[in-house]
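Numbering (the numbering used here), first residue to last: 28 to 306. Using N, Cα and C, we set each Cβ at its ideal position, and we do this for glycine too. The block underneath contains the structure these notes are about, expressed in structure tokens.
Okay, structure coming up:
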């Protein structure tokens with residue numbers, strides 16, 4: 028099959044060598060056309076140009092999608108009905124994603140493609156998204172919605188990481204970078220953060236205003252083991268914000284209603300009214 032495709036590409040290249048001079052030969056003849064001929068010939072020319080461009084783009088997208096699939100990178104397009112749910116998951120599931128913003132016809136950054144297996148091993152999904160197209164529900168592009176002011180025509184490869192239902196965090200690669208560096212950045216950037224709240228305003232920001240929040244109420248400092256347990260739970264439940272509350276210095280109103288557990292930490296799951304998250 029590879030040989031067949033290569034033979035066909037050679038045939039296309041041969042045809043282009045004869046086609047391009049024929050097209051260029053039209054240029055000096057344009058001045059000789061009448062108004063009626065000019066409109067008719069120009070329309071025919073544009074139709075043929077559009078047909079050729081469409082054919083090349085369609086096949087180029089196929090090449091690109093297959094290359095991404097073989098690299099283990101999900102290829103997502105806002106124009107595809109099949110991708111709508113997956114795109115919503117990228118931004119709102121809480122799961123960790125490392126995304127390259129790239130046109131469907133363009134190749135992936137080499138380091139990104141090469142590190143896809145390591146990203147997956149770290150629990151991070153690598154994906155390619157056409158960020159210049161309007162998102163399914165908002166009608167805004169990914170750039171406009173999440174990265175206002177970003178020039179989508181920039182030459183530097185543009186990436187973002189998103190996790191834990193937080194805002195996407197951008198990354199622009201301006202020089203050579205190793206796959207190991209990408210994985211390390213993605214792992215650090217998507218790690219869940221457990222905040223210690225010490226005031227009403229802090230609690231409102233970190234917990235009460237979140238759709239789902241687990242408040243770990245404790246007396247005195249948490250042990251290293253208890254901290255590890257909380258961090259592990261936060262990594263397992265990405266849709267839930269985790270906070271710790273030392274009841275000796277800050278008392279929450281629901282603390283007295285929690286089951287008693289001696290000096291052991293207690294956990295309260297708070298859930299706000301939830302609308303449907305959409306991209």
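* **Candidates 191, 237, 136 and 247, of which the one nearest residue 265 by Cα** => Residue mapping note: residue 265 aligns to position 238 of the chain shown, counting from 1. If we check each option's Cα against that of residue 265, 191 comes out closest.
* **Spatially closest choice to residue 268 from 239, 293, 158 and 157, by CA coordinates** => Stepping through the chain shown from its first residue, residue 268 is reached at position 241. Residue 268 has its Cα closest to that of 239, out of 239, 293, 158 and 157.
* Asked: How many Å lie between residue 127 and residue 148 at the Cα?
  -> Sequence index remark: in the chain shown, residue 127 carries index 100 (1-based). Sequence index remark: in the chain shown, residue 148 carries index 121 (1-based). Spanning the two alpha carbons is a distance of roughly 18 Å.
* Tell me whether residue 290 sits in a helix, a strand or coil according to DSSP, three-state version. => Indexing the chain shown from 1 puts residue 290 at position 263. Strand.
* Selection from 86, 277 and 54 that minimises the alpha carbon distance to residue 36 -> One-based indexing of the chain shown puts residue 36 at position 9. Measuring from the Cα of residue 36, the nearest candidate turns out to be 86.
* Asked: CB-CB under 6 Å to residue 304, same chain, minus the five flanking residues each way: which ones, in chain order?
  -> Translated into positions along the chain shown, residue 304 becomes position 277. Residue placement at residue 304 is poorly supported in this model, since its pLDDT is 43, which falls under 50; the coordinates still yield a value, given next. Hits under 6 Å: 119.
* Asked: Which of helix, strand or coil does DSSP assign to residue 31?
  -> Numbered from its first residue, the chain shown carries residue 31 at position 4. Helix.
* Residue from 223, 260 and 233 whose Cα sits closest to the Cα of residue 246 -> By one-based count along the chain shown, residue 246 stands at place 219. The shortest Cα separation from residue 246 among 223, 260 and 233 belongs to 223.
* Could you tell me which residues DSSP puts in a beta bridge with residue 170? => For the purposes of this step, residue 170 is taken as residue 143 along the chain shown, with counting starting at 1. Answer is none; residue 170 lacks a bridge partner.
* To do: Go ahead and label residue 250 buried or exposed: buried means 16 or more other beta carbons lie within 10 angstroms of its beta carbon, across all protein chains shown.
  => For the purposes of this step, residue 250 is taken as residue 223 along the chain shown, with counting starting at 1. Burial call: exposed.
* **Exposed unless 16 or more other CB atoms sit within 10 angstroms - verdict on residue 136** => Stepping through the chain shown from its first residue, residue 136 is reached at position 109. With 16 or more other Cβ atoms within 10 Å, it is buried.
* Roughly how many angstroms separate the alpha carbons of residue 52 and residue 59, rounded to a whole number? -> The residue given as residue 52 occupies position 25 in the chain shown. The residue given as residue 59 occupies position 32 in the chain shown. So the two alpha carbons sit approximately 13 Å from each other.
* Report the partner residues of residue 239 according to the DSSP bridge assignment. => Here the question's residue 239 lines up with position 212 in the chain shown. BP columns for residue 239 point to 298.
* Would the beta-carbon of residue 178 fall within 8 Å of that of residue 200? -> Locating residue 178 in the chain shown gives position 151, where the first residue counts as 1. Locating residue 200 in the chain shown gives position 173, where the first residue counts as 1. No, they are not a contact pair.
* Asked: At least one CB of chain C closer than 8 Å to the CB of residue 288: is that the case?
  -> In the displayed structure, chain C is absent; only one protein chain is listed.
* Taking all protein chains shown into account, decide if residue 48 is buried (16 or more other Cβ within 10 angstroms of its Cβ) or exposed. => Locating residue 48 in the chain shown gives position 21, where the first residue counts as 1. It counts as exposed.
* To do: Could you give the DSSP three-state label for residue 223: helix, strand or coil?
  => Taking the chain shown and counting its residues from 1, the one referred to as residue 223 is at position 196. The answer is strand: DSSP assigns residue 223 an E or B state.
* Asked: For residue 166, is the classification buried or exposed, using 16 other Cβ atoms within 10 angstroms of its Cβ as the cut-off for buried?
  -> Within the chain shown, the letter at position 139 stands for residue 166. So residue 166 counts as exposed.
* Which residues in the same chain have their Cβ closer than 6 Å to the Cβ of residue 244, if we skip the five residues on either side of it in sequence? -> Here the question's residue 244 lines up with position 217 in the chain shown. Excluding sequence neighbours, residue 244 sits near 272, 274, 282 and 293.
* Can you give me the Cβ contacts of residue 216 inside the same chain, cut-off strictly under 7 Å, excluding the 5 residues immediately before and after it? => Here residue 216 refers to the residue found at position 189 of the chain shown. Within the same chain, residue 216 has close Cβ partners 188 and 196.
* Same chain only: Cβ atoms within 8 Å of residue 92, ignoring 5 sequence neighbours per side -> Within the chain shown, residue 92 is the residue found at index 65, counting from 1. Closer than 8 Å at Cβ, skipping near neighbours: 102 and 131.
* **Enclosing beta strand (DSSP E) for residue 127 [first to last residue]** => Along the chain shown, read from residue 1 onward, the residue named residue 127 stands at position 100. Note, residue 127: beta strand (DSSP E), 124–128.
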